[in-house]
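Protein chains in written order, with my numbering: chain D, 109 to 383; chain L, 805 to 1118. All residues carry an ideal CB built from backbone N, CA and C; glycine is no exception. Below is one structure, written out as structure tokens; comments come after it.
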Ligand SMILES: Cc1cc2nc3c(=O)[nH]c(=O)nc-3n(C[C@H](O)[C@H](O)[C@H](O)COP(=O)(O)OP(=O)(O)OC[C@H]3O[C@@H](n4cnc5c(N)ncnc54)[C@H](O)[C@@H]3O)c2cc1C
Ligand SMILES: Cc1cc2nc3c(=O)[nH]c(=O)nc-3n(C[C@H](O)[C@H](O)[C@H](O)COP(=O)(O)O)c2cc1C
Ligand code: FES
């Protein structure tokens, strides 16, 4: 983990409330699903920084560290929901952004077996660009990614993915793009039609009700399911104990009742969680 | 240059600088070390440890409001045995003196903790008499002078480690409670713990924090903390560790001048994990510019007018 002030290069609008925040590097290689705490150095309307998944890392600088290459550009996919996200996405280019990261445990790299199926809801899309690149580099791909949102306008960000990285399957609540219904409805249908491997592990990131529903489905099917939680955080690096989530007393937590989403997660095996 | 920052807390406890971590805001032991900040601190104060492990309160445990932070962690900690085995050795290896914060529900629990920590390498104990998140903050030690005197005297008999008693601001009798702590044998005081507060989600007709009532910290509590440090300083002679809303080197100087001999940084670690380094380097510059030192600043406000309306202990 580093604390570094980055220059904001550009804020790109993708949709009504969705933006990409482009920051000047250096950024280290991170695991897909890892996150950073962001705040503006000046004119920050909040007390605490806010957590965001790393979305994209580009333009390798040539420097290579233990965990991989260092990048000259880093970006975050931000949906405006309150004062912090509003301030970040309306900051002028050149603003200084404090970034503490990388933090947390991302999605574990698959150890053989079937290629995981990814389910994303809304800005839950964020961790899957780095994931798709990692899988492509490992020779897998395009990876199956089911992406859902309220309507066509909410399904932003697909154009940020290079051609061929992802086998997109879309769902909208109103049917304005892709199939009508939730991502989980779509998943069930595709598995039923044999268009998707119903025995592959599932990775999921999105609103909590969606993840809980997907986790329940996977439990019924006896499938491994990794979810990325959006727990409210204060510090993001393990010192405040504010981000606790109730877990089952499995080995990893030595029987403890709560784990910290920021250091033990944000990605958890859904079977570890009490939902 | 370095001498400017030194602070003489007690004859056997001289700190290289007046910045400490506040309990519960820097981890139980090594968590805060991941930032590299621990090495620069004058002393490390660990998260409250209790005799038995505590899982803590149900989430949500934190909520940002009105420029401050509400928390209801509920003293989640691994218990003294695990702390001694796993957390303390790592904390001691970081360099600065380690002050271990202890919490209990009876004076016997406090004394048992002190005995367990006697030869642990801890430089001092901080006695959390005041957690608002346990029993709804209804424990009397921090609001009733007699209860406070009793628990501190029992601790005094149990250990010869320096005792810093940490008090709650949630009482009209804070000066009386502080005096009682000193009479009971406290070597110093830590002022203040969090203020009781609440946030409400009116649409859902429920509080924002799982437990309802929570502890309020951060910049909004600074004036309350300064006032209490100053009032208590007028009444007692022991060193005070000032804490509450400190975010900058200027804030540190204000606490020193108001009567604190050192300060603790809590919520500011969440704003910026490097807060300690920034504050320390700026403090060093401020002191050089003013050609003064921490020891000179301590309790330097209106000294000449001091006798006037001081409370004094009864
Ligand atoms: C590990 C992690 C990764 C995340 N990744 C992304 C991402 O890639 N893109 C994105 O747009 N959002 C992401 N979020 C959510 C994002 O952190 C919140 O939307 C943001 O903190 C809201 O701040 P605000 O000041 O705009 O709104 P606030 O006024 O703080 O809150 C508005 C709403 O967001 C919820 N919220 C507030 N603080 C947090 C918090 N610290 N964490 C989660 N929810 C919160 C509140 O309960 C409320 O419902 C992530 C959260 C976590 C924990
Ligand atoms: C998340 C959090 C956890 C805390 N845990 C403890 C604790 O375990 N023991 C204790 O004595 N004080 C605890 N405190 C209180 C702080 O040590 C400090 O007294 C208070 O937060 C005021 O300082 P600040 O405004 O700089 O945070 C905690 C505060 C916060 C915000
Ligand atoms: S957010 Fe502070 S411990 Fe997780």
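Q) The alpha helix (DSSP H) spanning residue 911 of chain L covers which residue range? A) For the purposes of this step, residue 911 of chain L is identified with residue 107 of the second chain, where counting begins at 1. 911-921 is the span of the alpha helix (DSSP H), which, as asked, contains residue 911 of chain L.
Q. Counting Cβ pairs closer than 8 Å, one from the stretch 316-335 of chain D and one from the stretch 360-379 of chain D, do we hit at least three?
A. By the Cβ criterion, the stretch 316-335 of chain D is in contact with the stretch 360-379 of chain D, since at least three pairs of Cβ atoms, one from each stretch, lie closer than 8 Å.
Q. Would you call the stretch 178-196 of chain D and the stretch 118-135 of chain D touching, i.e. three or more CB-CB distances under 8 Å?
A. When C-beta atoms of the stretch 178-196 of chain D are compared with those of the stretch 118-135 of chain D, three or more pairs fall below 8 Å, so the two segments count as touching.
Q) What in chain D is Cβ-close to residue 1076 of chain L, meaning under 7 Å? A) Translated into the one-based positions of the second chain, residue 1076 of chain L becomes position 272. Neighbours of residue 1076 of chain L on chain D, chain order: 111 and 206.
**Q.** Where residue 1021 of chain L falls, given that 16 or more other Cβ within 10 Å makes a residue buried
**A.** Walking along the second chain from the start, residue 1021 of chain L turns up at place 217. Buried, since its Cβ has 16 or more Cβ neighbours within 10 Å.
Q | Cβ-Cβ distance between residue 880 of chain L and residue 894 of chain L below 8 Å | A | Counting from 1 along the second chain, the entry for residue 880 of chain L is found at position 76. Counting from 1 along the second chain, the entry for residue 894 of chain L is found at position 90. Here residue 880 of chain L is not near residue 894 of chain L, since their CB atoms are 8 Å or more apart.
Q: Output, in chain order, the set of chain L residues within a Cβ distance shorter than 8 Å of residue 350 of chain D.
A: As a first step, residue 350 of chain D must be located in the first chain, where it is residue number 242. What residue 350 of chain D touches in chain L, judged by beta-carbon distance under 8 Å, is 865, 866, 875 and 877, going in chain order.
Q: Report back the beta-carbon spacing between residue 258 of chain D and residue 249 of chain D to the nearest angstrom; my notes put them in contact at under 8 Å.
A: The residue given as residue 258 of chain D occupies position 150 in the first chain. The residue given as residue 249 of chain D occupies position 141 in the first chain. Beta-carbon to beta-carbon, residue 258 of chain D and residue 249 of chain D are separated by about 28 Å, too far to satisfy the 8 Å threshold.
**Q.** Proximal residues of chain L, C-beta to C-beta of residue 365 of chain D below 7 Å
**A.** By 1-based counting over the first chain, the position of residue 365 of chain D is 257. Chain L residues near residue 365 of chain D: 859.
Q: Consider the C-beta atom of residue 970 of chain L and the heavy atoms of ligand 2; say whether any pair is separated by less than 7 Å.
A: Here residue 970 of chain L refers to the residue found at position 166 when the second chain is read from its first residue. Yes, the Cβ of residue 970 of chain L comes within 7 Å of a heavy atom of ligand 2.
Q: State the start and end residues of the unbroken beta strand (DSSP E) segment that holds residue 1068 of chain L.
A: Within the second chain, numbered from 1, the residue matching residue 1068 of chain L stands at position 264. Residues 1066-1069.
Q: Determine the direct distance from the alpha carbon of residue 857 of chain L to that of residue 884 of chain L, and round the result to whole angstroms.
A: Numbered from 1 along the second chain, position 80 holds the residue referred to as residue 884 of chain L. Numbered from 1 along the second chain, position 53 holds the residue referred to as residue 857 of chain L. Near 7 Å, if we compare the C-alpha coordinates of residue 857 of chain L and residue 884 of chain L.
Q | Nonlocal neighbours in the same chain, by C-beta distance under 7 Å from residue 122 of chain D, ignoring five residues either side | A | Here residue 122 of chain D corresponds to residue number 14 of the first chain, with the count starting at 1. Taking C-beta separations shorter than 7 Å and ignoring five residues to either side along the sequence, the partners of residue 122 of chain D in its chain run 128, 264 and 265, following chain order.
**Q.** Validate contact between the stretch 1004-1020 of chain L and the stretch 1049-1056 of chain L using beta carbons, cut 8 Å, 3 pairs
**A.** By the criterion of at least three beta-carbon pairs nearer than 8 Å, the stretch 1004-1020 of chain L is not in contact with the stretch 1049-1056 of chain L.
Q: Please classify residue 323 of chain D: does DSSP put it in a helix, a strand, or coil?
A: Reading the first chain from its first residue, position 215 is the one you call residue 323 of chain D. In the structure shown, residue 323 of chain D sits in a helix (DSSP, three-state: H, G or I).
Q: Write down the C-beta distance between residue 1046 of chain L and residue 1029 of chain L rounded to the nearest angstrom, noting that I regard them as a contact closer than 8 Å.
A: In the second chain, the residue the question calls residue 1046 of chain L occupies position 242. In the second chain, the residue the question calls residue 1029 of chain L occupies position 225. Right, the Cβ-Cβ distance comes to about 6 Å (below 8 Å), so this counts as a contact.
Q | Three or more C-beta pairs below 8 Å linking the stretch 863-872 of chain L and the stretch 134-142 of chain D | A | Flag = no, the stretch 863-872 of chain L and the stretch 134-142 of chain D do not touch.
Q. Can you list, in chain order, the residues of its chain whose CB lies under 6 Å from that of residue 920 of chain L, leaving out five sequence neighbours each side?
A. As a first step, residue 920 of chain L must be located in the second chain, where it is residue number 116. Counting only Cβ-Cβ distances below 6 Å, and skipping sequence neighbours, we find 884.
Q) Cα-Cα, which of L/955, L/813, L/903 and L/1101 is closest to residue 909 of chain L? A) To locate residue 909 of chain L, count along the second chain from 1; it is residue 105. With distances taken between Cα atoms, residue 909 of chain L lies closest to L/955.
Q. So with Cβ pairs under 8 Å, would you call residue 189 of chain D a contact of chain L?
A. Indexing the first chain from 1 puts residue 189 of chain D at position 81. Taking Cβ atoms only, chain L never reaches closer than 8 Å to residue 189 of chain D, which makes this a no.
**Q.** For residue 1014 of chain L, the nearest candidate out of D/353, D/322, D/286 and D/299 (CA to CA)
**A.** Within the second chain, numbered from 1, the residue matching residue 1014 of chain L stands at position 210. Comparing C-alpha distances from residue 1014 of chain L to each of D/353, D/322, D/286 and D/299 shows the shortest one belongs to D/353.
Q) Just the Cα atoms here: how many angstroms apart are residue 1062 of chain L and residue 1035 of chain L? A) Locating residue 1062 of chain L in the second chain gives position 258, counting from the first residue. Locating residue 1035 of chain L in the second chain gives position 231, counting from the first residue. About 9 Å.
Q: Identify the continuous beta strand (DSSP E) that holds residue 133 of chain D and give its terminal residues.
A: Residue 133 of chain D sits at position 25 when you count from the first residue of the first chain. 126-135 is the extent of the beta strand (DSSP E) around residue 133 of chain D.
**Q.** residue 884 of chain L - DSSP class collapsed to helix/strand/coil
**A.** Here residue 884 of chain L refers to the residue found at position 80 of the second chain. In the structure shown, the three-state DSSP call for residue 884 of chain L is helix.
Q. Going along the stretch 984-1016 of chain L in order, which residues come within less than 7 Å of chain D, judged by CB to CB distance?
A. Flagged: no residues at all.
Q. To which residues of the same chain is residue 951 of chain L closer than 7 Å at the C-beta, ignoring the five residues directly before and after it?
A. On the second chain, residue 951 of chain L is found 147 positions in, with the first residue counted as 1. So the qualifying residues of the chain are 944 and 945.
Q) When you compare only the Cα positions, how much space is there between residue 1109 of chain L and residue 907 of chain L? A) Position 305 of the second chain, counting from 1, holds the residue named residue 1109 of chain L. Position 103 of the second chain, counting from 1, holds the residue named residue 907 of chain L. Model confidence at residue 1109 of chain L stands at a pLDDT of 48, short of 50, so the residue's coordinates are unreliable and nothing is read from them.
Q | Near-chain L residues of the stretch 331-349 of chain D (beta-carbon distance less than 7 Å), N- to C-terminal order | A | Against chain L - using a Cβ distance shorter than 7 Å - the residues of the stretch 331-349 of chain D are 340, 342, 343, 345, 346, 347, 348 and 349.
Q) If we ignore side chains and look at the alpha-carbon of each, how far apart do residue 1100 of chain L and residue 812 of chain L end up? A) The residue labelled residue 1100 of chain L in the question sits at position 296 within the second chain. The residue labelled residue 812 of chain L in the question sits at position 8 within the second chain. For residue 1100 of chain L and residue 812 of chain L, the distance between alpha carbons rounds to 11 Å.
Q.
Is the separation between the beta-carbon of residue 273 of chain D and that of residue 255 of chain D shorter than 8 Å?
A. Translated into the one-based positions of the first chain, residue 273 of chain D becomes position 165. Translated into the one-based positions of the first chain, residue 255 of chain D becomes position 147. No, they are not a contact pair.
Q | Below-8 Å beta-carbon distance, residue 154 of chain D vs any chain L residue | A | Stepping through the first chain from its first residue, residue 154 of chain D is reached at position 46. Closer than 8 Å to some Cβ of chain L, the Cβ of residue 154 of chain D qualifies, so yes.
Q: Compare the beta carbon distance of residue 793 of chain L and residue 932 of chain L with 8 Å and say whether it is the shorter of the two.
A: The requested residue 793 of chain L is not part of the displayed model; chain L covers only 805 to 1118.
Q: Would you please verify whether the beta carbon of residue 374 of chain D is less than 8 Å from any beta carbon of chain L?
A: Within the first chain, residue 374 of chain D is the residue found at index 266, counting from 1. Not one beta carbon of chain L lies nearer than 8 Å to the beta carbon of residue 374 of chain D.
Q) Touching or not, the stretch 143-158 of chain D and the stretch 206-220 of chain D, by the rule of three or more beta carbon pairs under 8 Å? A) Contact holds: three or more Cβ-Cβ distances are below 8 Å.
Q: Compute the distance between the beta-carbons of residue 855 of chain L and residue 823 of chain L, then report whether it is under 8 Å.
A: Locating residue 855 of chain L in the second chain gives position 51, counting from the first residue. Locating residue 823 of chain L in the second chain gives position 19, counting from the first residue. In this structure, residue 823 of chain L does not lie closer than 8 Å to residue 855 of chain L by Cβ.
**Q.** Residue range of the unbroken alpha helix (DSSP H) whose run includes residue 1082 of chain L
**A.** Stepping through the second chain from its first residue, residue 1082 of chain L is reached at position 278. In the DSSP annotation of this structure, the continuous segment of the alpha helix (DSSP H) that includes residue 1082 of chain L starts and ends at 1079-1093.
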